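Quick note: the sequence shown uses the numbering used here, first residue 1, plus one each step. Even for Gly, the Cβ is constructed at its ideal location relative to N, Cα and C. These numbers come from a predicted model, not from an experiment. Comments concern the structure below.
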Amino acid sequence: MDHEDEWAIRASGLFDPAWYALMYGDFVAQEEDPLQHFLKYGAELGYRPNPLFDVSFYVEQSGAVPRPHNPLAHYVLIGSAKGIDPHPLFDEAWYRRFLTACRLRAPQTSLGHFLHVGRRIGLTPNAFFDDAYYLATYPDVAEVRCDPLYHFEQWGEAEGRQPSEDLTAATLDALTLGRDPEDRPKSAIAGLIRSHPGEAIHSLVDTLGRKAEHSIGQVQYFLDGTVPSVLLISHRWGGGVARFVEERVQTLIDRCNIVVLTTTQADYILRFRDPTSDMEVAIPSLRTQDLVSLLQSCRLTSIELHHIQGFRSIKDIIAALDAPITLYLHDYFLLSPQPHLLGPDGTFVGDELELHYAALQRAATGMGHGTIRSWQRAHRWLFEAASRVIAPSADVSRRVEKIYPWVAIDVVPYETFDAGHSALQSPDPKSDRRVRGSAKVALIGYMQQHKGIDIARAVFDLARKKGLELSFVIIGYCDEGDDLGENVRVTGRYADAELSDLLRREDPDLVWFPAQCPETWSFTLSAALRLGLSVLCSNIGAFEERVRDLDEGAVFPWDATPAEWLACITDVLAKRGCFHFADEGLGRRGGRDEVVDLAFP
């Protein structure tokens, strides 16, 4: 042990024997001085001498501390003066800059000054954390007498606690989420300190402001003040919502300018469309008023609300825009924090949402707080503000009217076409499969849990074990990849425009939709119906009302067992003359005959 190290540490006031004994008492002998234990063993093991000196972090920052120096002694004698941070959330450059601004003499160590003097006179360990604000906002931390910065490091940031009055969640997102997710550190605050040492929060926000002004300048150059605009508000996660929004753009684009507003955690994304131009700009989420001013200058004639998930201040934005609102109900996000009404097992929770709110919260795609009623009250304003509410199916309308009986909902199908007309010509050679007693069943899209992939996998296995001449093809993809068995093929991702050609190429005898939640429409079902293909769907959501009365359609209980589903599939194929089964156990007697609803003649 180096006596210079011991002397330097004792003189610095940076070793807290009481805290060390509390944290590592099980490893310190009763007769042993905690500092002696730290010098002999603790530093090697990464034990902290106080809450805000992280030995492992310090060694990583400074490189290998030359022996026989102890890391804390190295910081006292050399590191602080060199500006080496002692902790991920302690910014040496910031603290010394603050001391200079306050005309305070530079101490031997910044951390020592902060612990014994600085925090008492209101100095902060970095540009983003305020001890006084944190303790006043979260009295539970003060109650247990925990160092506030240590609490934030260990628990507070993960719990979403705000570190200072200026650094709201929106500001933090705007400052940090422009980075590649792979490059983001575990602590967003630590990442900001590493990338902007010594920089004040207002200077970082000013940088975002300049970015916003550049974006606004681009937009103002684009806008023609004589042409009215329609604002479409949605999310950026693709799927049926994105497809419908794009179709709305194509419907409206010859009559007006189109503005599509979406959001990331860091930015508002504005996409401006007209018949000849397509421009996208980002405005930091801190600059909501700039966004509002820009939208106000667009001469909006109407607003279409397609989805609000991800928006923090959408109510304020809508309130500032004087235009009639049409609300589209693409899923159940306004009724539940889980927009597909799924529990953690990936299946429908049931019609009585209040009874299943805990399950809906656990499976939520966003934060859900309180009760199902408080969630619905928080979104009631959307129904009150809308001059028109549109649902794609009667099932969606029924579920919403159960919660809001006073809302007038127009049921407007997403697509209109003659489902009775087959665009698929029946080819002669198709008899090859039928002569052999074989058949092909297709599933379409991204097969996830709520789309029925678990049920489908079990049916694949059962058909294979029974030796049935029955093959399956997923026209799309799933997370399981190729691990589905020899009787299953997966074609891979496709563009929407490619689906009809893929269906024609595969030419399935049956298209199966084993959904485990109430679908609100399904563009993939439309593709199958448009081609006149036979379909079998779960009796839940829009599927049942769209398929029940069609000659080419059948519905079956969504919660059927794999054996019951397989019996139904073979029964449907047999009725269509596609398949002859030697195994009588898989005929109509094998399924739920009393609840099967087959519309075939």
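Inter-residue Cα distance where the pair is residue i and residue j
| i | j | result |
| --- | --- | --- |
| residue 279 | residue 272 | 5 angstroms |
| residue 339 | residue 247 | 22 angstroms |
| residue 10 | residue 35 | 9 angstroms |
| residue 445 | residue 453 | 11 angstroms |
| residue 45 | residue 82 | 25 angstroms |
| residue 504 | residue 441 | 13 angstroms |
| residue 565 | residue 500 | 26 angstroms |
| residue 258 | residue 303 | 10 angstroms |
| residue 318 | residue 374 | 21 angstroms |
| residue 78 | residue 6 | 15 angstroms |
| residue 71 | residue 260 | 55 angstroms |
| residue 457 | residue 341 | 22 angstroms |
| residue 516 | residue 449 | 8 angstroms |
| residue 297 | residue 251 | 23 angstroms |
| residue 404 | residue 320 | 25 angstroms |
| residue 412 | residue 364 | 28 angstroms |
| residue 274 | residue 254 | 7 angstroms |
| residue 228 | residue 300 | 6 angstroms |
| residue 479 | residue 346 | 14 angstroms |
| residue 547 | residue 459 | 22 angstroms |
Unbroken alpha helix (DSSP H) run spanning residue i, endpoints
| i | result |
| --- | --- |
| residue 575 | 562–575 |
| residue 383 | 372–385 |
| residue 263 | Note, residue 263: premise wrong, no alpha helix (DSSP H); beta strand (DSSP E) at 257–263. |
| residue 139 | 139–143 |
| residue 328 | Premise fails: residue 328 lies in the beta strand (DSSP E), 325–328, not in any alpha helix (DSSP H). |
| residue 78 | Careful: residue 78 lies outside any alpha helix (DSSP H) and carries neither H nor E. |
| residue 293 | 288–296 |
| residue 192 | 188–195 |
| residue 34 | 34–37 |
| residue 495 | Where residue 495 is concerned, there is no enclosing alpha helix (DSSP H), given that its DSSP letter is neither H nor E. |
Under the three-state DSSP convention, the category residue i falls into
| i | result |
| --- | --- |
| residue 119 | helix |
| residue 109 | coil |
| residue 519 | strand |
| residue 594 | In this prediction, residue 594 scores a pLDDT of 37, lower than 50, which makes its location untrustworthy; the coordinate-derived value is nonetheless stated afterwards. Correct three-state label for residue 594: coil. |
| residue 155 | helix |
| residue 85 | coil |
| residue 512 | strand |
| residue 252 | helix |
| residue 308 | coil |
| residue 476 | strand |
| residue 169 | helix |
| residue 534 | coil |
| residue 14 | coil |
7 angstroms Cβ shell around residue i - same chain, five flanking residues per side excluded
| i | result |
| --- | --- |
| residue 350 | 356 |
| residue 25 | none |
| residue 523 | 240, 243 |
| residue 395 | 518, 541, 542, 545 |
| residue 245 | 232, 234, 260, 306 |
| residue 462 | 562, 563, 566 |
| residue 409 | 389, 391, 397, 400, 401 |
| residue 166 | 201 |
| residue 414 | 244, 392, 521 |
Residue span of the beta strand (DSSP E) that contains residue i, given as start and end
| i | result |
| --- | --- |
| residue 440 | 439–447 |
| residue 237 | That residue, residue 237, is in no beta strand (DSSP E); it is neither H nor E in DSSP. |
| residue 454 | Segment 453–465 is the alpha helix (DSSP H) holding residue 454; no beta strand (DSSP E) there. |
| residue 53 | From DSSP, residue 53 is part of no beta strand (DSSP E); its letter is neither H nor E. |
| residue 272 | 267–274 |
| residue 281 | 277–284 |
| residue 394 | Premise fails: residue 394 lies in the alpha helix (DSSP H), 394–403, not in any beta strand (DSSP E). |
| residue 348 | From DSSP, residue 348 is part of no beta strand (DSSP E); its letter is neither H nor E. |
| residue 409 | 409–411 |
Cutoff 8 angstroms; reference residue i; Cβ partners in own chain excluding five residues on either side
| i | result |
| --- | --- |
| residue 157 | 163, 187, 188, 189 |
| residue 315 | 381 |
| residue 135 | 141, 142, 148 |
| residue 115 | 13, 14, 50, 52 |
| residue 199 | 94, 127 |
Same chain, Cβ closer than 6 angstroms to residue i, five either side skipped, listed in chain order
| i | result |
| --- | --- |
| residue 384 | none |
| residue 386 | 325, 327 |
| residue 379 | 334 |
| residue 236 | 262 |
| residue 76 | 8, 12, 109 |
| residue 151 | 141 |
Heavy atom of the ligand ADP within 7 angstroms of residue i beta-carbon
| i | result |
| --- | --- |
| residue 91 | What this structure holds is no ligand at all, so the ligand ADP is not there to describe. |
Stretch pair the region 305–321 + the region 251–269: three plus CB contacts closer than 8 angstroms: Put simply, the region 305–321 touches the region 251–269. At least three CB pairs are less than 8 angstroms apart.
The region 531–545 in contact with the region 511–522 per 3-pair CB rule at 8 angstroms: Short answer: they touch.
Cβ contact (3+ pairs, closer than 8 angstroms) linking the region 489–501 and the region 463–474: Contact between the region 489–501 and the region 463–474 is established, with three or more Cβ pairs separated by less than 8 angstroms.
At least three beta-carbon pairs within less than 8 angstroms, the region 119–129 to the region 92–99: Of all C-beta pairs linking the region 119–129 to the region 92–99, three or more are shorter than 8 angstroms, placing the two stretches in contact.
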